[in-house]
Amino acid sequence: MKKRILTVSLLLALAAILIIGATIAYFTDTTDTKTNTFTVGKVKIDLEEPKWEDVTATLMPGVSFDKDPTITVLADSQDAYVFLKLEMNKYVSLLNLMGVDAYKNEVGGLDGAYPGFGAFANKLASDKALREEVLERWFKGIEHTNWQVMNLTDITAAVSGAENQTNPTELSVILGYIGGSKGGVLSAND
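Quick look at the structure:
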């Protein structure tokens, strides 16, 4: 019996020492201070569109509109990533026109009858090479391989909604610049 009491007492003492030691270690542990430096307000970007006059017109096959947005990182600016947001209203009609054109002209290996808005939009969302080729036909003068669609998941959800008759009136496409020699980072006057 004395051995049993002694063993239990030693186990309780050991448990108490472990609990107290762990508690002291937890409350006295420290880490080095880390400093994160953020630059705010030193990025100066200019957006110009010298050929664009704020014209509201209907987009139709064979009709061209000059759009030439030029984004410049100005002098005395920090290096920056650049994003471009395009807002399109009635985009279902535009995508349908692009799809009919792509199938009719066998763009990106597409051929045969136009399968409809949903099938074309899903193919466009999943096939980057096709997307670049279709965009090059419709939006000339842009090096599409230098830009990446940043909100492809949102666009795919909006397209699915349009297929289910919950067509939003506007679609936003956010493009991130990934070209150049520094992986998309632009410096002054780039």
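Under the working numbering, the first residue of the sequence shown is numbered 490, with each subsequent residue one higher.
Every residue gets a Cβ at the ideal spot worked out from N, C-alpha and C, and that includes glycine.
Contact check between the stretch 666-675 and the stretch 591-610: fewer than three CB pairs, one atom from each, fall below 8 Å, which does not count as touching.
With contacts defined as CB atoms closer than 7 Å, Ile560 and Leu536 qualify as a contacting pair. If you ignore the 5 residues before and after Glu622, its C-beta comes within less than 6 Å of the C-beta of Val596 and Gly597, all in its own chain and listed in chain order. The DSSP-derived three-state label of Thr559 is strand.
Under the DSSP assignment, Asp535 falls in the beta strand (DSSP E) whose first and last residues are Ile534 to Glu537. One thing to note: Ala646 has its Cβ no nearer than 7 Å to the Cβ of Leu660. Taking each of Ile663, Ser649 and Met490 in turn and checking the Cα distance to Met577, the smallest one comes out for Ile663. Membership of Ile663 in the beta strand (DSSP E) is indicated by the continuous run Glu659 to Tyr666. If you draw a straight line from the Cα of Arg626 to the Cα of Asp557, it is about 15 Å long. Within the model, the alpha-carbon separation for Lys533 versus Val571 is close to 11 Å. Val581 is positioned such that its CB atom lies no closer than 7 Å to that of Tyr603. Ranking Ile644, Ser498 and Lys531 by CA distance to the CA of Ala564 puts Lys531 first.
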